[in-house]
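K.L.:
Here UniProt numbering is used: the first residue of the sequence shown is 1, the next is one more, and so on.
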Amino acid sequence: MIHTVYSNSYEVLRVCLMNNIEALGVSTGGSGGASLFERAFEKVPVITPNNAVEEDLRRAVADRDGICAGIDFMKLSSWMGFFSKEPMANIVGNEADWMIWDLLRRTGSGSFREGPGRERLRHYLEGRSDEDVWHLARRIAEVFVVYSTYRLDWVLDWLGMHPEMLNDTDARTTEQKVLERHPDFAWQRDLWRELASRPSWRGRRFLEGFPDMLRRLAASGGSKRVKLENDFTVTLPDALHVFVPFVVPPVMLPIIKAYAASGRDVWFYLLNPTSEYWYDLLPRRLFDWKNAPEGAELDGHPLLADNGGSTRANIDRIWRFTAAPDTAAGLSELGVSEELDEDTVSRLPQGTRRFLSSDFLKGYAGRHQEIRADMAVANDSYYIERNSTDLLSRVQDSILNLDADLKKTGGGAPLFREDDRSIRFMRSPTPTRELEALADWLHAQFAADPGLGPDDVLVVTPDISTAAPLIANVFDSLPPERRIEWRISGLSGFEADKAAQAVLGLVELVTGRATLESFEAWIALPHVAKRFGFTSETVPMLGTWLRAAGYRYGLSDAHLRNLDPVTHANVRDMTLSRAVERLVMGFALPASEGDPLFDTLPVRGTEEDGWKDVSEEPGLLDAVSRLAASLEGFRLRTEKAAAPEAWTTWLADATAVFFRDDEGGAFNRIRNAAATLREEIERAGVTEIPFGIFMKSLELAQETSPGGGMPTPRVTFTGMSQLRPLPYKIIAVVGLNEDCAFPGNPHRQEFDLMAHAARRGDRDSRRDNRNVFLDILLAARRTLLISYVCGTGAGSAERQPSVVAQELREWLLTFAPGRAERRRAEALLTVNVPLNAYSTESFRDAGRGWRSHDPALFEALRKAVSAGYAATEQKFADTGLEVFRRTEVSVREICDFWKAPARKTLAAAGVRLPDEAGDDERGMMPPDDGLSSWMRRNEALEAAASGDCANWLRRTACDPRFGAEGIRDWLSEDAAAYAARVEELRIEAAVGRELPEEDLEIDLGEGFPRVTMRLRGVYESGDVRRFVRATVSKGTGNPVTLAFTEFIAACALERVDEGAIIAGWTKELGNGVKEPKDDTNPEKLVTIAFKAYSADEARRILRALLRPCLAAAASAAQGVDTFGDYGEEDESADLILWRGGDLDRMRRVADERRKMRFELFKKKLLKKTQDEKLVAAFEEKVDEALKAMAEPTQDDQQDD
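1. On the three-state DSSP scale, how would you describe Ala940?
2. Using DSSP with H/G/I as helix, E/B as strand and the rest coil, what is Val178?
3. Could you tell me whether the Cβ of Arg981 comes closer than 8 Å to any Cβ of chain C?
4. Could you tell me which of Glu434, Thr174 and Ala186 sits nearest to Gly117, measuring between CA atoms?
5. Are three or more beta carbon pairs between the segment 413–428 and the segment 780–794 nearer than 8 Å?
6. What does a CB cutoff of less than 8 Å around Cys895 pick up in its chain, not counting 5 residues either side in sequence?
7. Quick test of your reading: Thr792 and Pro429, contact by CB under 8 Å. State the CB separation rounded to the nearest angstrom.
8. Using only the alpha-carbon positions, how far apart do Cys16 and Val46 sit?
9. Hey, out of Ser398, Asn379 and Leu391, whose CA is closest to Thr385's CA?
10. Decide yes or no for the touch test of the segment 994–1004 against the segment 1012–1026: beta carbon pairs closer than 8 Å, at least 3 of them.
11. Would you be able to state if there are at least three C-beta pairs under 8 Å between the segment 1084–1093 and the segment 1064–1074?
12. Going along the chain, which residues of its own chain have a beta-carbon closer than 8 Å to the beta-carbon of Arg1147, five neighbours each way excluded?
13. Verify whether the separation of the beta carbon atoms of Arg427 and Val833 is less than 8 Å.
14. For Val1011 and Ile1002, what's the separation of their Cα atoms in angstroms?
15. Is the number of C-beta pairs between the segment 890–909 and the segment 1045–1058 that are closer than 8 Å three or more?
16. Which of the three DSSP states, helix, strand or coil, is assigned to Gly665?
17. For Val1024 and Glu988, what's the separation of their Cα atoms in angstroms?
18. Can you give the beta carbon distance from Arg937 to Val1032, rounded, assuming they're within the 8 Å contact cut?
19. Quick one: complete beta strand (DSSP E) runs, 3+ long, within the segment 812–855?
20. At 4 residues or longer, what runs of the alpha helix (DSSP H) sit wholly inside the segment 121–160?
21. Just to confirm, are Val133 and Trp101 a CB contact at a threshold of 8 Å?
22. Find the nearest neighbour of Asn585 within the set Gly594, Ala579 and Pro602, judged by alpha-carbon distance.
23. Measuring only the C-alpha atoms, how far is Leu778 from Ala260?
24. On the CB-based measure, 16 or more other CB atoms within 10 Å of its CB, does Thr327 come out buried or exposed?
25. Pull up the distance between the alpha-carbon of Phe210 and that of Lys696, whole angstroms please.
26. So, with DSSP's three-state summary, where would you put Ser109?
27. Could you give the C-beta distance for Arg885 and Ala1113, rounded to a whole number, given that I count them as a contact under 8 Å?
28. Cα separation between Lys85 and Leu136?
29. Is any heavy atom of the ligand GTP found at a distance shorter than 7 Å from the C-beta of Ala977?
30. Taking the alpha-carbon positions, what's the Ala675 to Glu699 distance?
31. Would the segment 754–774 count as touching the segment 738–746 if we require 3 or more Cβ pairs under 8 Å?
32. Would you give the residue range spanned by the beta strand (DSSP E) that Met74 belongs to?
33. Using the rule of at least 16 other Cβ atoms within 10 Å of the residue's Cβ for burial, across every protein chain shown, is Pro469 buried or exposed?
34. In angstroms, rounded to a whole number, what distance separates the CA positions of Lys177 and Ala171?
35. In terms of DSSP beta bridges, what is Trp486 paired with?
36. What is the C-beta distance between Phe243 and Thr48, in whole angstroms, given that I count them as a contact (C-beta under 8 Å)?
This is the structure in structure tokens:
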């Protein structure tokens, strides 16, 4: 007999299940039922929809009886496969998709694609690679799976099987005509027939024996051992329990009917949100308002109509099935459903409906006998009406009674009250603030109810994989006194399997582009790092080495040719193997040897900010050399298609070579998955398959493997549906933003025939997700929090929540008449999260019912408020640095300090900042920023000045820093041409004989260190000594500033009479240098000439330049790095050094000082200049800046 138990309460259905198992004579232990040995060899099958429900039932039984035994939990698919040697999943799954791929990839005369009526299929396949065809085959197989579940009558008809058992109705005839007109019909029908013609396809044997299996099952009577096929016998218990199924597909119904016809009991425990007939409700968005009569309204409840479609279809299917008079075992349930008229509906059996007190939920486990009686009826219902005044209960009761008028619930109490926080919508400016506010809100819930435990709280989000890192960041950072026990549940099997991630990362390297970034990420994985001895220190060091050695992407030249033969016909040497070759040569050759050997330039790893060269870490170089060779060797094994067994062998070998498994068995899961995949491909008759397709299929199998969300004894974070439909006292939905892809859009494949021949109860993802939201609403027992990120914009820029949340909120607000009342209701329903955790609003209730519980932050905020927000942070630079107490300093050190005083000061204090260049992925082109261009040109200029330009071009032709082979040739040639023009101007300016280089030491008097410099580039012609410098910079660049400062130092000892600097013209140079208009000088190179300062003036300038450096010995903060336009990353040093100080004020002061320093140079270019006044003005600006930086802030004065 088939029994159905309906309830709107999961707890009630759970008690019904436990009672029935006990009443049917199968005890799970304890003293409350029959002996543990009674019918000990018969387990009760209980079908559950997911792992969460199974775990909940296990705990419930164990809590009651002390042990959970005698129950065989299973999923629907595994139970359906129990009745045949050929599991139901094999109708189109497993080997069938490989058969489809093998059929579709073949071309030419006689191939499947060339058959008649397959024009659309040829269009889909035109110009597609084997991998593209494989993706299409997977999509076709997915559609075929749905056909076998919801349109098995189509499949049987196409294969000509069991026509006598299919109902021949007018509806079916009409549907058939619709299908035959569709251009995708013929090839799909023929593809099914082609599958059936293959002996290895197990689906045919299942379909052929399906009706006979049903007849044998129905005729088995009370026999324990039932022979379903000639050589296949199963043991069947007397009862089957199907607990809260989300969907019962039509293909399951004939098996259920045959099972019940054999005299066995089938129990359906169904969550039904309403006690009324609601199977014909129409969503408001689908109602034909335009043609409806005036005053027409939709019957029923809008929340049910909009969001209950999946549950409605499932219950409707079971309800009609159990009400059908036909008891013969057959396939009539698979066809088109006939609509029932009102008279028929009124005569359908309704069973017994009981309404239980809401108090039942408080102690149901101890009083389950209350609903144990009369379980023999075919249809029974037990509903709980909350009859409470809180808004959540009233919404749930209105759904139960199918009455959308909330005012009729709760005894007429006001709907929107300040003390009712059962439903809240939380608006947060950012995802981080959303989770921080959630933590504060949870603290408030625990504080308000000491009996509330972490396991009473469920937090769901549309994308748990994306949210997981942020959740961990926020909740792991809570201090011990505010710690909340939490756990993430329901991540996919792949996300939780580090071994699988390591294997698939290896696959991506050998089949993809193998970029430096992906290589670094892969070697940092624990299983790889342990195998090769990499650590958190050596991985970034190795990345620096490889970057300097030119590794961009590709494992080898052959690898790049395979990726793109055209592009990489000549451009290949940015690979891992070439980079390792350069590093090995750099290790082997003396440090003085810098020329290339043949076409390989030795690289030592320190060329790009590396702090250790390869000679200091020979073990690391050896490890990466072995790794690179192994990677290329394994890649070579993947170049040609091979038997599936070859790829499982490849995987086993790779596991041994590349990974270390300290735990033992970490790689068993992915090895077993690969073995299963190999068996499926071999069963499909496919003898060869490309490596990439095999591994892509393995990867998809890992990524789509269910995570098995489970309830935990902590606050559980999970996806929207993983713990459906378990009840919780508190449920919070976070991240329900309008762009969160929930509930999403209906998605059907272009060739899906079900879209053109729809039937009652067909599923789609959007409707299923809407139903998930409804289930969450009904599963909350006390509080429902719906949270979304609204952004920081206002008005039209504010983002709204997901449509399901909007509809709920708007429906609730329809019960607030008038504009003022609606605004009040909206304010009561909405929680506004402040932009910052340290906002005073975070510590005020403000109608939210909760506030921040961070005592340390509150105390800091209290002090700030009491100080009127005038207090500043504690100073970072609260003392000086001894390193600046020097007896000797070079001109370059002075210029470096003035160039970036904050960064230089932090470096002296041992604070290392990240490199400004970053770690952007590099391609064939070298970096095109100003610094990279300057470095190329400067190297070319040094080579030109030394007469080594030809060798420099040869070196750069092999230097990976200058881009890929071929590209770097013309870049280096361009740099060499520019340097040659600069060198020409230098030669023109360098008149006379060059004086010998000289080490200068300048004594500036008491209180100042000696200034040193190597003087070079001075040319004597007659009585005039000219200081000459050539740069590839603009006239305002730092190299020009350094050259001018060296000129000043030379003037201090009266070593020069005039100076000349070759640089690029810029308008900031003023009237002292005219803009070149000559077409032969497109770079606008100019010779900047100037007269010498007197020795006294030069010494005064040097003293002024030294004062900020000396002042840093007493107070470290003596300058800023950023002026004008700058990025956030540029000011990082300033923000650290000037923490607790007035950075904006210091920036203005330092900018004035910097400008005055440039005036020394700019006005020196004029023919008439008053050096004395310039020097005095500069000294004055320096002293003003020093005084300003030494002045105490307002906060310092308050502290004093």
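All residues carry an ideal CB built from backbone N, CA and C; glycine is no exception.
P.N.:
In short:
1. helix
2. helix
3. Absent from the structure is chain C; it holds one protein chain and no more.
4. When only C-alpha atoms are compared, the closest one is Ala186.
5. Yes, since at least three Cβ pairs between the segment 413–428 and the segment 780–794 fall closer than 8 Å, the two stretches touch.
6. Asn1038, Thr1041, Leu1042 and Thr1045
7. 5 Å
8. 13 Å
9. Note that residue 385 is Glu in the sequence shown, not Thr. That would be Ser398, whose Cα lies nearest to the Cα of Glu385.
10. Short answer: they touch.
11. yes
12. Val1120, Thr1122, Phe1123 and Asp1134
13. yes
14. 5 Å
15. yes
16. coil
17. CA-to-CA, the gap between Val1024 and Glu988 works out to about 15 Å.
18. 4 Å
19. Inside the segment 812–855, DSSP marks whole beta strand (DSSP E) runs of 3 or more residues at positions 830–832, from first to last along the chain.
20. 130–150 and 152–158
21. yes
22. According to the sequence displayed, residue 585 carries Met and not Asn. Closest option to Met585, Cα to Cα, is Pro602.
23. 32 Å
24. Unreliable positioning characterises Thr327 in this predicted model, as indicated by a pLDDT of 49, which lies under 50. The coordinate reading is nonetheless provided below. Flag for Thr327 reads exposed.
25. Distance between Phe210 and Lys696, taken at the CA atoms: about 34 Å.
26. Three-state DSSP puts Ser109 in coil, outside helix and strand.
27. 5 Å
28. Any answer about Lys85 is weak, because its pLDDT of 45 lies below 50 and its placement is not dependable; what the coordinates show is given next. Distance between the alpha carbons of Lys85 and Leu136 is about 29 Å.
29. For the ligand GTP, the structure offers nothing, since it holds no ligand at all.
30. 13 Å
31. At 8 Å Cβ cutoff, the stretches touch.
32. Ile71 to Met74
33. exposed
34. 10 Å
35. Trp486 is bridged to Val715.
36. 5 Å
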